[in-house]
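In the numbering used here, the protein residues as written are 29 to 253. We put the beta carbon where it would ideally sit given N, CA and C, even for glycine. Here the structure comes first, spelled out in structure tokens, and everything after it is commentary.
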Amino acid sequence: MNDLDVLKVFCAGDGRYGNPLGVVRDGRTCPDDVSRQALAAELGYSETVFVDDPERGVVDIRTPGTRMAFAGHPLVGVAWLLDIEALQPPAGSVWARDDGEFTWITARPEWVEGKRTEQYASAAEVEALPAPPPGEGWLYAWAWEDETAGRVRARGFPRRPDGAIVEDEATGSAAILLTAELNRALNITQGAGSQILTAPGPDGTVEIGGRVRFAPPREPAAAAN
Numbered sequence: 029m030n031d032l033d034v035l036k037v038f039c040a041g042d043g044r045y046g047n048p049l050g051v052v053r054d055g056r057t058c059p060d061d062v063s064r065q066a067l068a069a070e071l072g073y074s075e076t077v078f079v080d081d082p083e084r085g086v087v088d089i090r091t092p093g094t095r096m097a098f099a100g101h102p103l104v105g106v107a108w109l110l111d112i113e114a115l116q117p118p119a120g121s122v123w124a125r126d127d128g129e130f131t132w133i134t135a136r137p138e139w140v141e142g143k144r145t146e147q148y149a150s151a152a153e154v155e156a157l158p159a160p161p162p163g164e165g166w167l168y169a170w171a172w173e174d175e176t177a178g179r180v181r182a183r184g185f186p187r188r189p190d191g192a193i194v195e196d197e198a199t200g201s202a203a204i205l206l207t208a209e210l211n212r213a214l215n216i217t218q219g220a221g222s223q224i225l226t227a228p229g230p231d232g233t234v235e236i237g238g239r240v241r242f243a244p245p246r247e248p249a250a251a252a253n
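Pasting the structure below:
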């Protein structure tokens, strides 16, 4: 196995929940597209990041089935792990900062591809959705818990053909998209209890933040079957 860090990104205040993330600190151990995609599929996390240049923050993001130009929770996690001020995914430069227990990145909502938000009447309706709901395409289902306070209940459903990830525990890119659509700061509870904070910027960017913790690695999907 490659030198792998496993993180939980967007944890709750007590350190629970969060979306698992695999990080291969030395991308040279998986130098080609085929080996990287195979490892991402074997690990089975919603995303795995390969660090190609830790000083400049050059990273390669993979789902179990494809390469991504941008993704929110992987970049928050890697920013925390590497403790640097900027990351370079294929989409463009992403600024990062730490603020107490939260790590933040700044990104552009137009980098978010293939996701759709849908508002429901109540948090209870979001809670009651099957996993996944009927339909096709990446769905970010959300409802206000407290509109005045900007508190949102959300669940994320990739609905990919391979079915590798049925429900995403915490989805940074979808939270960025929702923040841009509503044009206001949000405090989002997603999945089983993950927490995502966001704020729109004056230049059309969105800042997104959360808590990151180390997590024990799980068995690769192939070994667990």
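Cross-strand partners of residue i (DSSP beta bridge)
| i | result |
| --- | --- |
| V52 | L32, F78 |
| I224 | I216 |
| T134 | W123, E235 |
| W166 | K143 |
Candidates the options: closest to residue i by CA position
| i | options | result |
| --- | --- | --- |
| R125 | K143, N211, E113, R136 | E113 |
| Y73 | R90, P82, V86, V79 | R90 |
| W166 | P186, L115, F242 | P186 |
| P82 | E209, L103, V194, T207 | L103 |
| L210 | D61, R179, A220, V79 | R179 |
| G254 | P189, E197, E70 | For residue 254 there is no data in the structure shown, the boundaries of the chain being 29 and 253. |
| R183 | L110, T217, I204 | T217 |
| E146 | A192, W108, A202, V51 | A202 |
| E173 | A159, P158, V154 | V154 |
| G105 | K36, R136, T199 | K36 |
| K143 | D127, S222, G55, L206 | L206 |
Short Cβ contact (8 angstroms threshold) for residue i with residue j
| i | j | result |
| --- | --- | --- |
| T134 | G238 | no |
| A119 | F98 | yes |
| R241 | G46 | yes |
| I236 | W123 | no |
| R136 | G232 | yes |
| L49 | G85 | no |
Can you list the alpha helix (DSSP H) stretches of 4 or more residues lying completely in the stretch 168-214, in chain order? 200-210
Which complete alpha helix (DSSP H) runs does the stretch 84-129 hold, if anything under 4 residues is left out? 100-110
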